[in-house]
Amino acid sequence: MSTVNNSDVFQLTAMGFSDSDAREALRITSGNMELAVNHLLSDVAGASSSAATTSTVAETTSLDLTTVIQGTTSQYTFSNVGRSACTCIALTAASMFLSKFDGSSSGDIQDVLSPEFLDRMITQGIETYQQILATSSNSTAVEHMSAEEVLQQQPNADLQIAAGGVRQGVLTHDRDYPLGLKALVEDILMESRESNEWICLLMTKTPETILICLPPPSLATESSFWLIDSHPRTQFGNTIESAYAFPHPSLQALLESLYAIFPTTDLGPDVPEMMAEMYNSFDLYPLQRRYPTN
């Protein structure tokens, strides 16, 4: 049984959590501070945020889903083995997607993104997740993995984090917030124009990870901004029961879908501002192909 570090307890109580809740969160996460905070914040959100989420979903029922490609499985199809595998699945999808495009070559994206593609990303992603858990010294404590953790466990992976590195942001009601989703995605898209290649963005908002595929400028035409997701969804007005790939005609349309999946959550006046920002925080990992070095 792991020992709870008193300094970690002090840090959590300084954020506004009770001593008993802090100790329990650290106990069940084996002392992992990040997971402990996410556990505590999830409990707060569950008790405080249903009205905010419901109103956001109601505003997105007009999204056009006629062009959505759906697989036959989701990460939940395989019982508990896929429940926490979404980061591995999204990285698998990024590798599969980028391997089909050499530089700015377009090919036929409809031939790449298919029900078979989606089913394969699920099975291969879950296999990767299970392999990493089997070799991890802390496999019983950590279920959800960050992209860095997965890439570190796969030194021969054909993916790398693009120049500029990971972006950390906060979901707010102000769409133009400098650290908001719109600003950070636009910044990454601007940087990627220099390479004129497809770029994939892994977006993590604990406990979920999805994949965004952004086109090079030469291909930024209708239906070229893609959202790939291993989770079933109800946020779009019509239920999507499997993994799916959703094309969008513009970056703004893609952002609207992301806002539907990850709405800003109001935790109420009794929750400290820092805690609310942590709950609404997200990470963006820009990914590009790693080419062999001679």
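In full-length UniProt numbering, the protein residues as written are 1 to 294.
No residue lacks a Cβ here, since even glycine has one placed at the ideal position from N, Cα and C.
Return yes when the Cβ of L181 is within less than 8 Å of the Cβ of L171, no when it is not.
yes
Which same chain residues, not among the five before or five after T92, have their C-beta less than 7 Å away from its C-beta?
M121, Q124, G125 and T128
Report the start-end ranges of each beta strand (DSSP E) in the segment 78 to 126 that is 3 residues or longer and not cut off at the edges.
none
What residue from F225, I199 and S230 has the CA that sits closest to C86's CA?
S230
Distance, T29 Cα to Y291 Cα
37 Å
Ordered list of alpha helix (DSSP H) runs contained in the segment 238 to 274, each at least 4 residues
251 to 261
Can you tell me the Cα-Cα spacing of M274 and D108, whole angstroms?
46 Å
Three-state secondary structure (DSSP) at S18?
coil
Taking only the alpha-carbon atoms, compute the straight-line gap between C213 and L227 and give it to the nearest angstrom.
6 Å
Opposite V170 in the DSSP bridges: which residues?
S281
With a Cβ-Cβ cutoff of 8 Å, do Q153 and I132 count as a contact?
yes
Could you check which residue in P249, E208 and P272 has the C-alpha nearest to that of G82?
E208
So, for H248: in the same chain, excluding its five sequence neighbours on each side, which residues have a beta-carbon less than 6 Å away from its beta-carbon?
F225 and L254
Are there 16 or more other CB atoms within 10 angstroms of the CB of A243, so buried, or fewer, so exposed?
buried
Same chain, Cβ closer than 6 Å to F246, neighbours up to 5 away in sequence not counted:
V68 and L227
R193 - DSSP class collapsed to helix/strand/coil:
coil
Determine, using beta carbons only, whether L179 and I188 come nearer to each other than 8 Å.
no
Euclidean distance between Cα positions of Y288 and E191:
One detail in the question is off: residue 288 reads as Gln in this sequence, not Tyr. One C-alpha to the other measures close to 12 Å.
Report the rounded CA-to-CA distance for residue 314 versus T77, giving the unit in angstroms.
What is shown of the chain runs 1 to 294, which leaves residue 314 out entirely.
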